[in-house]
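Student: Take any residue in the sequence shown, note its place counting from 1, add 91, and you have its number in our numbering. Glycine included, every Cβ here is placed at the ideal spot set by N, Cα and C.
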Amino acid sequence: MRIDVVSIFPEYLAPLELSLIGKARQDGLLDLRVHDLREFTTDRHRTVDDTPYGGGAGMVMKPEPWAQALTAVAAGRAERAEAAGQSEGAGDAGVPGAPDAAGSAGKPVLIVPSPAGERFTQATAHELAEEDQLVFACGRYEGIDERVLEWAADHFTVRPMSLGDYVLNGGEVAVLAMVEAIGRLLPGVVGNPESLVEESHSDGLLEYPVYTKPSSWRERDVPAVLLSGNHGKIAQWRRHEQYRRTAERRPDLLAEFDAGKLPRADRTAFADLGYDVVDGHLVRRPDA
Ligand code: JBK
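(1) Is the region 139 to 154 close to the region 230 to 238, with three or more CB pairs under 8 Å?
(2) Quick check on the burial criterion: 16 or more other C-beta atoms within 10 angstroms. Buried or exposed for H126?
(3) Quick test of your reading: P206 and D256, contact by CB under 8 Å. State the CB separation rounded to the nearest angstrom.
(4) Starting from V369, trace the beta strand (DSSP E) in both directions and tell me its first and last residue.
(5) Please determine, among F227, L277, I112 and R210, the residue with the shortest C-alpha to C-alpha distance to L254.
(6) Specify the secondary structure class of G185 as computed by DSSP and reduced to three states.
(7) Just the Cα atoms here: how many angstroms apart are L277 and V266?
(8) When we look at the beta-carbon of P106 and count the other beta-carbons within 10 Å, is it buried (16 or more) or exposed?
(9) Return yes when the Cβ of F227 is within less than 8 Å of the Cβ of V316, no when it is not.
(10) Within the present structure, is the beta-carbon of Y144 separated from the nearest heavy atom of ligand 1 by less than 7 Å?
(11) What three-state label does DSSP hand L109 in the structure shown?
(12) Identify whether L32 lies in helix, strand or coil by the three-state DSSP scheme.
(13) Looking at V270: is its Cβ nearer than 8 Å to the Cβ of I112?
(14) What do you reckon, are the CB atoms on A360 and H331 nearer than 8 Å?
(15) Quick check: F348 and L373, are their CB atoms within less than 8 Å of each other?
(16) Using beta-carbon positions only, say whether L297 and F247 come within less than 8 Å of one another.
(17) Using a threshold of 7 Å, is the CB atom of L128 nearer than that to any non-hydrogen atom of ligand 1?
(18) CB P204 to CB M252, shorter than 8 Å?
(19) Quick check on W308: buried or exposed, where buried means 16 or more other Cβ atoms within 10 Å of its Cβ?
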């Protein structure tokens with residue numbers, strides 16, 4: 092996969108050289124390049140922002156440096172297709188609008204981190220991990236001139252994306268999170284692919300608590316069932332802990348949970364937490 096990140100603070104993306112993602116880059120599984128937006132300005136002061144039309148606080152990112160930067164990263168893609176023998180005439184790989192496996196019509200995906208974007212979830216990460224090029228446009232200040240996103244739709248599938256409902260100073264931190272979530276799903280990046288299956292959010296529930304040695308620590312004992320060697324009992328205990336934690340911390344997730352085929356013991360566990368199963372869905376009991 093190819094990833095381009097455009098930012099006025101390219102050093103902010105330095106952590107992408109570390110750990111799992113850094114290793115994936117070294118191993119050639121991920122071609123990730125960070126670009127300084129100011130390199131695409133033409134004035135002496137390398138200006139990237141200006142005051143907002145209509146008034147109001149803060150500054151808005153000017154359109155032209157973004158158009159120059161995004162044109163350059165899109166051109167880099169065309170060069171690579173040519174080098175790979177995929178230029179016009181070689182099947183439909185070079186034909187504009189020919190759908191690829193990921194269904195984004197062969198265009199790279201332009202992700203614009205923004206509190207006004209659609210929510211980025213694990214499902215989004217899986218979807219984006221199927222693409223062959225992602226471009227991240229990091230806005231600062233009050234955001235990027237809206238015309239850039241309209242203009243870019245000719246060359247990219249444009250997706251404004253939000254990590255959550257809180258205020259950041261720019262898109263860089265959100266890009267770190269999204270690149271990690273997507274990068275670890277690429278083939279070969281996580282050594283043991285089994286660790287991708289049984290993790291938080293894969294089944295729409297929070298993860299169960301985990302313990303390691305010693306079995307007794309500062310007067311606190313590991314739950315006895317985990318030392319019992321009874322794998323059926325352990326699996327059931329862990330599942331019920333997932334239900335308990337999710338009901339306590341993220342009741343919003345239970346509304347989406349498919350409770351249609353739950354065994355009796357699991358229904359009882361939910362009943363104890365104040366939830367009944369109605370038409371395959373969990374419903375909070377009014378008196379609970
Ligand atoms: C926020 O992805 N976000 O959630 C995000 C990106 C850029 C600025 C922001 O305030 N929340």
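Tutor: Looking at the coordinates:
(1) With a cut-off of 8 Å, the region 230 to 238 and the region 139 to 154 count as touching, because enough Cβ pairs lie within range.
(2) Counting Cβ neighbours within 10 Å, H126 comes out buried, since at least 16 surround it.
(3) With a Cβ gap of about 7 Å, P206 and D256 count as contacting.
(4) Where V369 is concerned, the enclosing beta strand (DSSP E) starts and stops at Y366 to V369.
(5) Nearest C-alpha to L254: R210.
(6) Unreliable positioning characterises G185 in this predicted model, as indicated by a pLDDT of 45, which lies under 50. The coordinate reading is nonetheless provided below. In the structure shown, G185 adopts coil according to DSSP, grouped into three states.
(7) About 16 Å.
(8) With fewer than 16 other CB atoms across the displayed protein chains lying within 10 angstroms of its CB, P106 is exposed.
(9) Inclusion of V316 and F227 in the CB contact set at 8 Å is not warranted, their separation being larger than that value.
(10) At a threshold of 7 Å, Y144 does not count as near ligand 1, since its beta carbon sits no closer than that to any of the ligand's heavy atoms.
(11) In the structure shown, the three-state DSSP call for L109 is coil.
(12) Summary: the structure shown does not reach residue 32, with the chain confined to residues 92 through 379, and so no result is reported for it.
(13) Yes.
(14) Yes, the pair counts as a contact, with Cβ atoms nearer than the cut-off.
(15) In contact: F348 and L373 (Cβ atoms closer than 8 Å).
(16) Contact: no.
(17) Because no heavy atom of ligand 1 lies under 7 Å away, the Cβ of L128 does not count as near it: no.
(18) A distance below 8 Å separates the beta carbons of P204 and M252.
(19) Under this definition W308 is an exposed residue.
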